[in-house]
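Residue 1 in this note's numbering sits at position 1 of the sequence shown; the count goes up by one each step and never skips. Below you'll find the structure, written out as structure tokens, and then a few comments.
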Amino acid sequence: MSYNYDCDYNYAEMGVSLIWNIAALKNVHTIRDFVSLYQFFQQYNGNWEHIDDVLLNRKTLVVAGLDAAMDTFEDIETLTSFLEQTLHSAIRSYQHEVADGGGEAGLIFYFANPKRFKRVSVASQEFVWKTNINSNDIPLTRLIYNGAWQDVKIIYKTSDSNKDNPDGLYLRRIS
């Protein structure tokens with residue numbers, strides 16, 4: 001099976017991606033190359049001083065654990081605040097300090113359970129995440145990509161004729 005992707009961009013080397021199919025990363029990275037969400041925030045709090053120690057090929061940071069961290073929140077308001085403020089600030093800092101505006105290094109958040117993502121409609125770029133908080137959905141694309149969520153590109157396998165089954169999302173630069 002081919003793991004090439006239909007893209008006019010390289011989501012592994014620029015921008016911010018949410019990936020929920022491990023196959024979308026296998027050509028580029030192995031799981032042992034991932035950093036935890038905790039390590040991501042350590043880098044952020046340290047002003048990215050040691051980022052070269054964890055960047056893959058000096059171009060990509062793959063972060064695992066955001067989904068697990070989201071499961072620890074007890075209410076939607078606190079989770080939403082964390083995504084909109086804390087995580088968003090760290091992503092923007094990464095874009096500015098590490099990726100030179102977004103085009104020089106990729107930031108990928110890997111989600112282990114693709115079944116918790118749901119596309120709002122086939123015509124939409126909006127995806128929601130099913131939380132553990134009373135089975136509520138949150139508009140994850142809006143919360144992570146902020147005002148640019150409508151410009152998100154959907155990542156599909158080249159060999160996948162079923163465009164209803166994407167492997168992730170990509171945006172070159174969040175706002």
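Cβ atoms here follow ideal geometry from the backbone N, Cα and C, with glycine treated the same way.
Count the other C-beta atoms from every protein chain shown that fall within 10 angstroms of the C-beta of residue i, then say buried if there are 16 or more, exposed otherwise.
| i | result |
| --- | --- |
| VAL63 | buried |
| HIS21 | First, the residue type needs correcting, since residue 21 is Asn and not His in the sequence shown. Its Cβ being crowded by 16 or more others within 10 Å, ASN21 is buried. |
| ARG58 | exposed |
| TYR38 | exposed |
| ASP167 | buried |
| LYS153 | buried |
| ALA23 | exposed |
| GLN42 | exposed |
| THR141 | buried |
| THR78 | exposed |
Give the secondary structure of residue i by DSSP, where H, G and I count as helix, E and B as strand, and everything else as coil.
| i | result |
| --- | --- |
| TYR11 | coil |
| SER121 | coil |
| LEU37 | helix |
| LEU18 | strand |
| TRP149 | helix |
| ASP71 | coil |
| ILE91 | helix |
| LEU55 | coil |
| ALA99 | coil |
| VAL112 | This sequence places Ala at residue 112; Val is not what is there. It is coil, neither helix nor strand. |
| ILE154 | strand |
Keeping to the same chain, check which residues put their C-beta closer than 6 Å to that of residue i; ignore five residues upstream and five downstream.
| i | result |
| --- | --- |
| PHE109 | LEU18, VAL63, LEU66 |
| VAL35 | VAL54, VAL63 |
| ALA69 | LEU37 |
Quick test of your reading: residue i and residue j, contact by CB under 8 Å. State the CB separation rounded to the nearest angstrom.
| i | j | result |
| --- | --- | --- |
| VAL128 | LYS118 | 5 Å |
| TRP48 | GLU84 | Not confirmed; about 21 Å, so no contact. |
| LEU171 | ASP151 | 6 Å |
| ASP75 | ILE133 | 6 Å |
| ILE155 | TYR11 | 6 Å |
Looking only at its chain, what residues have a beta carbon closer than 8 Å to the beta carbon of residue i, apart from the 5 residues adjacent to it on each side?
| i | result |
| --- | --- |
| ASP33 | LEU56, VAL62 |
| ASN146 | GLU84, HIS88, ILE174, SER175 |
| GLN95 | VAL16, GLY101, GLY102, LEU107, ARG173, ILE174 |
Within its chain, find whatever has a CB closer than 7 Å to the CB of residue i; leave out the 5 residues flanking it on each side and keep chain order.
| i | result |
| --- | --- |
| VAL16 | ILE91, LEU107, LEU171, ILE174 |
| ALA112 | ASP67 |
So residue i is in the beta strand (DSSP E); what residue range does that whole segment cover?
| i | result |
| --- | --- |
| LYS130 | 127-130 |
| ALA24 | ALA24 -> not in any beta strand (DSSP E); alpha helix (DSSP H) instead, spanning 23-26. |
| GLY168 | 168-171 |
If I follow the unbroken alpha helix (DSSP H) through residue i, where does it start and stop?
| i | result |
| --- | --- |
| THR86 | Run containing THR86: none; DSSP gives neither H nor E here. |
| ILE76 | 76-81 |
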